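First the structure, in the form of structure tokens, and then the observations on it.
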Amino acid sequence: MPTGAAYLIVVLVWASTPLAIKWSAEAGAPVGSVLLRMLIAFLAGLLVLLALRRPVRRDRRALASYAAAVPGVFGAMALSYHASLSLPSGMLSVMFGMAPLISGLILQALPGATRLRRWHWLGCALGVMGLAVVFADSLVLGHDTLAALCMMLAAVTLFSASGIAVQRVAAGLGPLEQTLGALALSLPCFIILWLASGEPINVPLSARGLWAVLYLALFGSLLGFLCYFLILSRLPAATVALVTLMTPLLALGLGMWLNQEQPSASMLAGAALILVALGAYLFGDRLTRLKAAAQPAPMVEVRSRGKAR
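Using our numbering, you'd call the opening residue of the sequence shown number 1034 and step up by one each time.
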């Protein structure tokens, strides 16, 4: 697949995923909706793997990698689907955009991690300010909104920690293998949560909710993920990081356009602060290097030696 097409797919899928989550859970069965999504994604991915005649690794290291991904699949998705009942879809994307900041903070507590520099801490401080604005606004909007924001913060933390754990295991798995293994271990967790939730056995879905589940299963959980790993292997990290800045803006626009969402002025202000924080965190290194490159090189005085006569 051409790199440009893969990049466009990632941007579009990530921007539209929050709205699709909201539509799939709108009938009041968030656990059943996410379970159905993950089951379809697992079966579709398994068919692809069988068609490619590639075995699924089941050695100890591979199983550790699959298990490390479960909090990011089961925990983050279950919380996100519940939060979608009370939050605008664009805010789901904005909160997930904070993943690089939270990952950086988590890494500071782990041995061997790169220490954060001034612009990283500036980004984290601005992110906290943005969260404070959003949470202060949620106190006015009601308890449900505040609880949903806490769920999303927990979801992003689980997602970030899970990603770091998978990297630390370093099992050398391909993206399709990693996805299928994580889904296989997460599905029993979703089933238990679904049975405990008291939701009906027949998952209630509107017509657009059903299409949203299919879209999330085939594009959000498979195609988007595979394209992301493809561009990650071909493009500079700074170029890939632009996705996390573009998708929240697009997601907010899609929610307003297609779902008639009207985030409050305070919520939009908090979202803007979070995006500025993300930009400072991700591109501080690049701007510093560009500034250093633009400075003229120091003059070196060269003295010529006269020839002896």
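Glycine included, C-beta positions come from ideal geometry on N, C-alpha and C. Remember, predicted model here, so these are calculated numbers, not experimental data.
Where residue i sits in the DSSP three-state scheme
i, result
"T1178", "helix"
"L1120", "coil"
"E1232", "coil"
"V1333", "Low confidence applies to V1333: its pLDDT is 48, below 50, so where it sits in the model is not reliable, and the reading given next is rough at best. The answer is coil: DSSP assigns V1333 none of H, G, I, E or B."
"P1296", "coil"
"P1088", "coil"
"A1095", "helix"
"M1034", "coil"
"G1207", "coil"
"G1163", "helix"
"G1105", "helix"
"A1100", "helix"
"R1241", "helix"
"M1185", "helix"
Contacts around residue i, its chain only, beta-carbon distance under 6 angstroms, and the 5 residues preceding and following it disregarded
i, result
"G1130", "T1277, P1281, L1311"
"L1283", "A1048"
"P1104", "L1191, S1195"
"A1245", "A1053, W1056, S1057"
"G1317", "W1152"
Test item: CB-CB of residue i and residue j under 9 angstroms
i, j, result
"A1062", "V1189", "no"
"L1182", "V1167", "yes"
"S1193", "I1139", "yes"
"E1294", "G1145", "no"
"L1291", "V1127", "no"
"L1306", "L1120", "no"
"L1346", "L1209", "The shown model of the chain, from 1034 to 1342, leaves out residue 1346, and the question about it has no answer."
"A1111", "L1226", "yes"
"G1108", "A1187", "yes"
"A1203", "Q1211", "no"
"L1143", "R1201", "yes"
Rounded Cβ spacing between residue i and residue j (contact assumed at less than 8 angstroms)
i, j, result
"V1067", "F1258", "V1067 to F1258, Cβ: 16 angstroms. No contact."
"E1059", "S1239", "6 angstroms"
"G1214", "V1089", "7 angstroms"
"A1101", "A1198", "4 angstroms"
"S1230", "V1064", "5 angstroms"
"M1184", "A1132", "The pair is not a contact, with the Cβ atoms about 15 angstroms apart (cut-off 8 angstroms)."
"P1051", "L1125", "4 angstroms"
"A1304", "G1163", "7 angstroms"
Beta-carbon proximity list for residue i, same chain, < 8 angstroms, skipping 5 on both sides
i, result
"C1157", "L1134, G1137, L1138, L1149, A1310, Y1314"
"L1216", "M1071, A1074, F1075, G1078, V1106, S1254"
"V1046", "F1252, G1253, L1256, G1257, C1260"
"L1206", "R1090, A1095, S1098, G1214"
Contacting residues, own chain, Cβ-Cβ under 7 angstroms from residue i (five flanking each side not counted)
i, result
"R1267", "T1036"
"S1113", "I1054, L1125, M1185, A1188"
Closer than 9 angstroms to chain D by CB, residue i
i, result
"A1304", "Absent here is chain D; the protein component of the structure consists of one chain."
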